[in-house]
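For what it's worth, this note's numbering labels the leading residue of the sequence shown as 80, then goes sequentially.
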Amino acid sequence: MLVKVFESENMASALKKVKETLGPDALILSTRTIRKGGLGVLGKPILEVTAAVEPSGEAARSVGTTTPVAMREKKALASSRGGRRRPSFEDELSYDEIWAENRAAATQRAVPEATPRRDPREFDTLRGEIDELKSMMRGFINEARTPVSGSPGTAGDELAAAAPSRRRARSGANGTKGNEEGLDGLVALLRERGIDHEAAETIVRFACQRASDAQRRDPEVMRAIFADVIGDLIRVEAKPPAQKQQRRLALIGPTGVGKTTTIAKLAADHLLHGGKSVAMVTIDTFRIAAVEQLKVYGEIMNVPVEVVVSPKQMRGVLNRHRDKDLILIDTAGRSPRDETSLNELADILAPELGTENHLVLSAATRDEDLYGAVTRFGRVAIHNLIFTKIDECSQAGALFNVHLRHNFPIAYLTNGQRVPEDILVADSKKIARMIMG
Ligand SMILES: Nc1nc2c(ncn2[C@@H]2O[C@H](COP(=O)(O)OP(=O)(O)O)[C@@H](O)[C@H]2O)c(=O)[nH]1
Ligand SMILES: [Mg+2]
80 MLVKVFESEN
90 MASALKKVKE
100 TLGPDALILS
110 TRTIRKGGLG
120 VLGKPILEVT
130 AAVEPSGEAA
140 RSVGTTTPVA
150 MREKKALASS
160 RGGRRRPSFE
170 DELSYDEIWA
180 ENRAAATQRA
190 VPEATPRRDP
200 REFDTLRGEI
210 DELKSMMRGF
220 INEARTPVSG
230 SPGTAGDELA
240 AAAPSRRRAR
250 SGANGTKGNE
260 EGLDGLVALL
270 RERGIDHEAA
280 ETIVRFACQR
290 ASDAQRRDPE
300 VMRAIFADVI
310 GDLIRVEAKP
320 PAQKQQRRLA
330 LIGPTGVGKT
340 TTIAKLAADH
350 LLHGGKSVAM
360 VTIDTFRIAA
370 VEQLKVYGEI
380 MNVPVEVVVS
390 PKQMRGVLNR
400 HRDKDLILID
410 TAGRSPRDET
420 SLNELADILA
430 PELGTENHLV
440 LSAATRDEDL
450 YGAVTRFGRV
460 AIHNLIFTKI
470 DECSQAGALF
480 NVHLRHNFPI
490 AYLTNGQRVP
500 EDILVADSKK
510 IARMIMG
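Below, the structure written as structure tokens:
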């Protein structure tokens, strides 16, 4: 690995130098501010960035491949897309351009109107009926998860395979064939929303206990009752107790689900509305674009960004920022199929650090991929779920299926690309209404 140290007046020009010298695949190992000019603390502050690149030749080859003409074309394309460009790094706009655009956008929306409000949530009154509902539901799901002998499939397959036999077994206890057909119609209303068969059947049975015969025949009324039942089954993150202790939120999850964007939204929310001091940490041997993305947000919000590649560095960074109210930890670039990198992640997010690990999942993902991600990222202790891209999913039932199956509380939802506006604190009733359309 070729390691080089760069000095510059600010992060923008330092990263530009790194990119020009080592190419876009460069890894940022550390950043720090030093003073130069022989005047001790009065010396001019200089930013020192240590960066490295694998000697594969790829980086070297890619340096200079973006011609001025190509850059101009990309700039034209970017400006034709309109003002509110995010630092998604899908094209090769320079750091300076992205930074300038984002700073302008951030200034314009310094006090955004549509910002997440922390709704007061109720956790103290769990009615006996709901407890019973939940335990029945869990029993039902666990029963369905028991592997069917000779069937090597996924948990989803097992559920599907177990369903018909249980339906047959239960139909006798539930009365006439006519009733069963009525129930099937109601199950279909839930299946339309992306809720899986087992969950749908259970919701219907609970809903029928709350509905009169006449109500059961009215799909609109039943949809509203379903929303109530679903709302009672959804668990959201408990409000953290009012305490002075620092909170450390780590976001883990597949690439591209929106972890970094959500980190920025959370940082902005805590800064603007909670008056909290925040530091952002990013764990990985990063490609420069990934670091830049977080640095851009860090510079806009004036929040320090640290890069950590080892458990030791993590402890050092947490110690350095022990005065902060909130540490947000991003884990860009981990593929759920990369076992080694998941083990490293688990090492860095060691339980004794007290991180609250949020698994970030895109609500616009198929059920099986969601279940797969939970299983693979289960190597790291998962405390909560965050569902992103709810604006992109036509049916939000998958969100409910994975939540119910794994029973991790939901902490936040995100519903768009805008930072910081598009984030919501999870509210079970609202999620239920969203699922039922
Ligand atoms: N539509 C939509 N896009 C989102 C949302 N959250 C993030 N994105 C976009 O998803 C892409 C990947 O986001 P990023 O934060 O880089 O994902 P990461 O790889 O998990 O860190 C970016 O283009 C984001 O703007 C969301 O709630 N809705
Ligand atoms: Mg990221």
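The beta-carbon is built from N, C-alpha and C at its ideal position, and this holds for glycine as well.
For ligand 1, a non-hydrogen atom lies closer than 8 Å to the CB of K468. The beta carbons of R284 and H276 sit about 13 Å from each other, so the pair does not count as a contact at 8 Å. Inclusion of A343 and K403 in the CB contact set at 9 Å is not warranted, their separation being larger than that value. By DSSP's assignment, V387 forms a beta bridge with I362. Judged by pairs of C-beta atoms under 8 Å, the stretch 324-332 touches the stretch 450-465, as three or more such pairs exist. When the beta-carbon positions are compared, R314 and S507 come within less than 9 Å of each other.
In the structure shown, the three-state DSSP call for E435 is strand. Residue pairing by DSSP leaves L373 without any beta bridge partner. The stretch 293-304 makes no contact with the stretch 375-385: fewer than 3 CB pairs, one atom from each, lie closer than 8 Å.
Each of V360, L81, A278 was checked against the Cα of A477, and the nearest Cα belongs to A278.
Here P430 is exposed: its Cβ has fewer than 16 other Cβ atoms, across all protein chains shown, within 10 Å. Its chain contains A511, R512, M515 as the residues whose beta carbon lies nearer than 6 Å to that of A306, once the 5 sequence neighbours on both sides are disregarded; these appear in chain order.
Non-local beta-carbon contacts of K355 in its own chain, meaning distances under 6 Å to residues more than five positions away in sequence, involve H349, D404, L405 in chain order. Ligand 2 has no heavy atom closer than 8 Å to the beta-carbon of A267. Ranked by how close their Cα comes to the Cα of T339, the residues I362, G451, L421, A425 have I362 in first place. At a cut-off of 8 Å, the beta-carbon of V453 does not count as near ligand 1: no heavy atom of the ligand is closer than that. When Cβ pairs closer than 8 Å are counted between the two stretches, the stretch 440-449 is seen to touch the stretch 461-472, the count reaching three or more. Short note on V336: C-beta closer than 8 Å to some heavy atom of ligand 1. The secondary-structure analysis by DSSP pairs D409 across a beta bridge with L330, T361. Set against 8 Å, the gap from the CB of P333 to the closest heavy atom of ligand 1 is smaller. With fewer than 16 other beta carbons inside 10 angstroms of its own, K318 counts as exposed. At the C-beta level, N436 and N463 come within 9 Å of one another. V266 and R326 have their alpha carbons spaced roughly 42 Å apart. In its chain, beyond the 5 residues on either side, L330, V439, I465, T467, Y491, T493, I502 have a beta carbon closer than 8 Å to the beta carbon of T341. In the DSSP assignment, the residues bridged to Y491 are I465, V504. With a 10 Å radius around the Cβ and a threshold of 16 neighbouring Cβ atoms, V387 comes out buried. In the displayed model, E86 falls within a strand according to three-state DSSP. Residues of the same chain with a CB within less than 7 Å of the CB of K96, apart from the 5 flanking positions on each side, are F85, S87 in chain order. Here P499 is buried, its C-beta having at least 16 other C-beta atoms within 10 Å. L440 has F466 as its beta-bridge partners, per DSSP. Judged by DSSP in its simplified three-state form, P103 adopts coil rather than helix or strand. Per DSSP, C287 is one residue of the alpha helix (DSSP H) stretching across 276-289. Per DSSP, the continuous alpha helix (DSSP H) segment holding I309 begins and ends at 298-312. One Cα belongs to L312, the other to T100, and the distance between them is close to 55 Å.
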